[in-house]
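**Q** One structure, as structure tokens, below. Some questions next.
In the UniProt record's numbering, the protein residues as written are 1 to 294.
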């Protein structure tokens, strides 16, 4: 079956998607944007998306998704993997910057995942001043504690809903070892129940307004807000800047110490409305080559 330029075949509970371009699972899952995908020994990845567990692998221009069917591709995977976006065009525009050209060569297969807004909100509150392996462990622990069992054998867990976390006690959440972030998780979950902040509402605001709205929630600062907006697909003209990204920009662009305002201005000037994509190429390139870590 042809669906929007991709050829889909379903066999024995495994979906194959042909004609994949600008796509590499390692680049996508290991560029700091997601925390539910685990790399297995054979190079495939096991993860949970929107309450569905799946195992994915890639051979050339073919993506394999186990425990999925054609309808799942239409309902979940096409949007999740951002397969309707022309990444060749994005890369072509960004490659006018010579430093970005090198970063894109490193992470040519990155796509920004369209992840669940609620999951991103809580996950990036957990990410504050934290390392990726630890974030992954905490998110998984939280899912096991308050999420629902999914999969044929119930061995995986969906991300817990707003109501489940809002009804939790601080003592319960502390079992996930999120430290000082537990009180932020609880406070944000309870505030979010009033429905004043939604992905749709933020999408209708300008980027600065959306960032400020998110920053009214406990545990959400400028960098966390930008990550939530970017990795839920709400806004792409953000440039999340933590201490490490700051060092990367200083080493690659400024050749000196630089303030956050300077970095944001350079990102605006060099990358414009594509700066969210630019940040991911730079982040992956720097992480792989240990740039800014000295």
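Idealized CB from N, CA, C, for every residue including glycine.
Helix, strand or coil for residue 220, going by three-state DSSP, please let me know.
**A** If DSSP states are grouped into helix, strand and coil, residue 220 belongs with coil.
**Q** With the cut-off set at 8 Å, would you say residue 291 and residue 248 are in Cβ contact?
**A** Yes, the Cβ-Cβ distance between residue 291 and residue 248 is below 8 Å.
**Q** Give me the DSSP bridge partner(s) of residue 194.
**A** Partner(s): none; residue 194 has no beta bridge.
**Q** For residue 259, I'd like the list of residues in its chain whose CB is within less than 6 Å of its CB, leaving aside the five on either flank, ordered along the chain.
**A** Around residue 259: no qualifying Cβ.
**Q** Skipping 5 residues on each side, what residues in its chain have a beta carbon closer than 6 Å to that of residue 38?
**A** 46, listed in sequence order.
**Q** Distance check for residue 268 and residue 246, CA to CA, integer angstroms please.
**A** In a straight line, the C-alpha of residue 246 is about 15 Å away from that of residue 268.
**Q** If we define contact as Cβ-Cβ less than 8 Å, is residue 228 a contact residue for chain B?
**A** Of the chains in the structure shown, none is chain B; there is only one protein chain.
**Q** What are the complete alpha helix (DSSP H) segments, minimum 4 residues, inside the segment 222 to 274?
**A** With a minimum length of 4 residues, the continuous alpha helix (DSSP H) runs that stay inside the segment 222 to 274 are 222 to 231, 243 to 249 and 260 to 271.
**Q** Alpha carbon to alpha carbon, what distance is there between residue 274 and residue 221?
**A** C-alpha separation (whole angstroms): 22 Å.
**Q** How about residue 79 and residue 19: are their beta carbons less than 8 Å apart?
**A** Taking 8 Å as the Cβ cut-off, residue 79 and residue 19 do not qualify as a contacting pair.
**Q** Looking only at DSSP bridge pairs, what is residue 58 linked to?
**A** According to DSSP, residue 58 bridges with 63.
**Q** Quick one: grab the DSSP three-state call for residue 2.
**A** In this structure, residue 2 counts as strand in the three-state DSSP scheme.
**Q** What ranges does the alpha helix (DSSP H) occupy inside the segment 104 to 164, keeping only unbroken runs of at least 4 residues that lie completely in it?
**A** Listed in chain order, they are 117 to 127 and 132 to 146.
**Q** If you pair each beta-carbon of the segment 160 to 167 with each one of the segment 92 to 106, do three or more pairs fall below 8 Å?
**A** No: the two stretches stay apart, fewer than three of their Cβ pairs being nearer than 8 Å.
**Q** Quickly, what does DSSP pair residue 47 with across the bridge? List them, please.
**A** According to DSSP, residue 47 bridges with 54.
**Q** Straight-line CA distance for residue 102 to residue 276?
**A** Answer to the nearest angstrom: the Cα atoms are 17 Å apart.
**Q** Looking at residue 128: is its Cβ nearer than 8 Å to the Cβ of residue 219?
**A** Against a cut-off of 8 Å, the Cβ pair of residue 219 and residue 128 comes out as a contact.
**Q** Mark residue 1 as exposed unless 16 or more other C-beta atoms lie within 10 angstroms of its C-beta, in which case mark it buried.
**A** The residue is exposed, with fewer than 16 neighbouring Cβ atoms inside 10 Å.
**Q** Taking a contact to mean a Cβ-Cβ separation below 8 Å, would you say residue 22 touches residue 123 in this structure?
**A** No, Cβ-Cβ distance for residue 22 and residue 123 is not below 8 Å.
**Q** Name the DSSP beta bridge partners of residue 38, please?
**A** Paired residue(s): 46.
**Q** Would you give the residue range spanned by the beta strand (DSSP E) that residue 16 belongs to?
**A** Residues 14 to 18.
**Q** For residue 211, report the span of its alpha helix (DSSP H) as first-last.
**A** Taken as a continuous stretch (DSSP letters only), the alpha helix (DSSP H) holding residue 211 covers 207 to 214.
**Q** Here's a check: name, in chain order, each residue in its chain whose Cβ is nearer than 6 Å to the Cβ of residue 236, leaving out the five neighbours to either side.
**A** Cβ neighbours of residue 236 beyond the five flanking positions: 276.
**Q** Can you list, in chain order, the residues of its chain whose CB lies under 6 Å from that of residue 63, leaving out five sequence neighbours each side?
**A** Contacts found: 17 and 20.
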